[in-house]
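Down below is the structure, laid out as structure tokens.
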Amino acid sequence: MSGTRAGGNISVDRLTKFSGTDLDDLCEATESAIAEGGGFGWLKPPPRQVLENYWKGVLLVPERRLVVGRLDGIVAGSAQLSRAPRNNEAQAFAGTLTGAFVAPWARGRGLGRGIVRAVEALAREFGLAVLNLDLRDTQRAAIGLYESLGYRRWGTHPVYAQVDGRIIPGHYYYKLLEEEPAAP
């Protein structure tokens, strides 16, 4: 997916290896998202080496795929598609959209929507029938995005996360990618 919107050219693609400045760009985008409260679990940016190791590890996990969004060629956000491990045949039809974020400086340009749609397309390529996700109640923009894309909230966990000493609820969503899960 690619296109031009106010403020730059956006593109979304699956990342299978790091080249050029991809790893540095991804780490910088991650750090800025974490600092703004949208760091998929981290509350403050970890040391750079921890982030680099994390992202390198994501590419090594067989059941995981990394989708990145770029603004003017610079990695500005990402999301991951996680499939059930081979020993979980009962949920082989389902995937999890996880770790989605867009750096604050790249928001408002449709990059998040493009990243989520790319994860959905990738899930369909793998024959998945449903995507699941969860997120903190404080992530209002993300909640609005997912709901606008047809994700349905099926539950709320009242004690989901703790941020700055405060307990934060979390919400669970799913989206059917086809009418019914395919038989194994």
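Counted from 1, the sequence shown has number 116 at position 117 by numbering that gives the first Met the number 0; the numbering is strictly sequential.
Ideal Cβ positions, reconstructed from N, Cα and C, are used throughout, including at glycine.
Bear in mind the structure is a predicted one, so any value in this text is a computation, not a measurement.
Item, Value
"Would you report the Cα separation of C26 and F17, rounded to the nearest angstrom?", "12 Å"
"Whole angstroms is fine: what's the gap from A160's alpha carbon to G37's?", "13 Å"
"Please list, in chain order, all residues of the same chain as L175 whose beta carbon is under 8 Å from its beta carbon, the five residues on each side excluded.", "A128, V129"
"Verify the CB distance criterion: does A140 have a CB-CB separation below 9 Å to chain D?", "Absent from the structure is chain D; it holds one protein chain and no more."
"What is the DSSP secondary structure of S10, reduced to helix, strand or coil?", "strand"
"So is Q48 buried or exposed if we call it buried at 16+ other beta carbons inside 10 Å?", "exposed"
"Going by DSSP in three states, S1 sits in which element: helix, strand or coil?", "Model confidence at S1 stands at a pLDDT of 47, short of 50, so the residue's coordinates are unreliable; what they give is reported in the following sentence. Three-state DSSP puts S1 in a strand."
"Alpha carbon to alpha carbon, how far is N86 from T29? Give it in angstroms, no decimals.", "31 Å"
"Assign W54 to one of two classes, buried (16 or more other C-beta atoms within 10 Å of its C-beta) or exposed (fewer than that).", "buried"
"Return yes when the Cβ of G68 is within less than 9 Å of the Cβ of G40, no when it is not.", "no"
"Where do the ends of the beta strand (DSSP E) carrying V66 lie?", "63-70"
"Is the CB-CB distance between A83 and G94 below 9 Å?", "yes"
"How would you label A140, buried or exposed, when you count the other beta carbons within 10 angstroms and need 16 or more for buried?", "exposed"
"Taking a contact to mean a Cβ-Cβ separation below 9 Å, would you say L148 touches V101 in this structure?", "no"
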